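Asker: First, the structure itself, so that you have it in front of you.
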Amino acid sequence: MAGEPQSDCLFCKIVGGEVPATIVRETETTVAFRDINPQAPTHVLVIPRLHYPDAASLAAAEPQVAADVLREAHEVAQLDKVDEPGYRIVFNTGSGAGQTVWHAHAHVLGGRGLNWPPG
Ligand code: 5GP
Ligand code: ZN
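Residue numbering for the sequence shown follows numbering that gives the first Met the number 0, starting at 0 and increasing by one per position.
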């Protein structure tokens with residue numbers, strides 16, 4: 000069924016507690032944890048508990064949960080005090096954009112200068 004946990008999905012395993020992660024916040028619908036290979040002083044991943052392969056399919060099937068992910072990204076930024084001067088939310092979508100884990104996730108990056116456009 001759509002959204003069901005996938006046995007071969009790393010982030011479903013983090014949601015299920017089978018793979019450890021440094022969790023910073025949890026809600027009924029989302030989990031936020033520190034990226035294992037941080038690209039900035041704050042680099043947190045916010046994921047839905049439901050399994051969808053990318054942000055677009057999540058938003059199409061569960062728009063409320065997609066909104067929860069965005070809200071939690073802001074909560075994480077506030078928690079790490081990177082909401083001022085600003086932070087970045089990234090959804091890599093597709094292998095050409097660097098997506099490597101096929102469970103929807105928002106990167107929350109902050110705590111250093113962030114160039115625009117990114118490389
Ligand atoms: P993507 O490249 O798909 O947009 O992002 C996947 C992210 O997951 C990468 O930034 C990568 O460092 C992170 N990642 C991969 N494996 C693990 C893991 O086992 N634990 C944590 N916390 N992050 C991971
Ligand atoms: Zn998954």
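Note that beta-carbon positions come from the ideal geometry of N, C-alpha and C, so glycine has one too.
What you are looking at is a predicted structure, and each value in this text was computed from that prediction instead of being measured.
#1: For the ligand ZN, is there a heavy atom less than 7 Å away from the beta-carbon of residue 42?
#2: Counting along the chain, where does the alpha helix (DSSP H) carrying residue 105 start and finish?
#3: Using the DSSP secondary-structure output, state which residues sit across from residue 26 in a beta bridge.
#4: Would residue 61 be called buried (16 or more neighbouring beta carbons within 10 Å of its own) or exposed?
#5: Might you give, ordered along the chain, the residues of its own chain that have their beta carbon closer than 8 Å to the beta carbon of residue 92, omitting 5 neighbours on each side?
#6: Identify whether residue 44 lies in helix, strand or coil by the three-state DSSP scheme.
#7: Buried or exposed: where does residue 17 fall if 16 or more other Cβ atoms within 10 Å of its Cβ makes it buried?
#8: Do you know how far the Cα of residue 42 is from the Cα of residue 26?
#9: Does any heavy atom of the ligand FAD sit closer than 7 Å to the C-beta of residue 106?
#10: Since residue 70 sits in a beta bridge, which residues does DSSP pair it with?
#11: Counting by C-beta, which residues lie closer than 6 Å to a heavy atom of the ligand ZN, in chain order?
Answerer: According to the structure data:
#1: Along the sequence shown, one-based indexing puts residue 42 at 43. Flag unset: Cβ of residue 42 not near the ligand ZN.
#2: In the sequence shown, residue 105 corresponds to position 106, counting from 1. That residue, residue 105, is in no alpha helix (DSSP H); its beta strand (DSSP E) goes 105-109.
#3: One-based indexing of the sequence shown puts residue 26 at position 27. Looking at the DSSP assignment, residue 26 forms no beta bridge with any residue, so it has no partner.
#4: If you number the sequence shown from 1, residue 61 lands on position 62. That one is buried.
#5: Position 93 of the sequence shown, counted from the start, is the residue given in the question as residue 92. 53, 54, 55 and 98, listed in sequence order.
#6: Taking the sequence shown and counting its residues from 1, one reaches residue 44 at position 45. Of the three classes helix, strand and coil, the one that applies to residue 44 here is strand, per DSSP.
#7: Position 18 of the sequence shown, counting from 1, holds the residue named residue 17. With fewer than 16 Cβ atoms within 10 Å of its Cβ, residue 17 is classed as exposed.
#8: Numbered from its first residue, the sequence shown carries residue 26 at position 27. Numbered from its first residue, the sequence shown carries residue 42 at position 43. Rounded to whole angstroms, residue 26 to residue 42 spans 19 Å at the Cα level.
#9: The ligand FAD is absent from the structure shown, which contains only the ligand 5GP and the ligand ZN.
#10: On the sequence shown, residue 70 is found 71 positions in, with the first residue counted as 1. Per DSSP, none; premise fails for residue 70.
#11: 5, 8, 10, 11, 50 and 102
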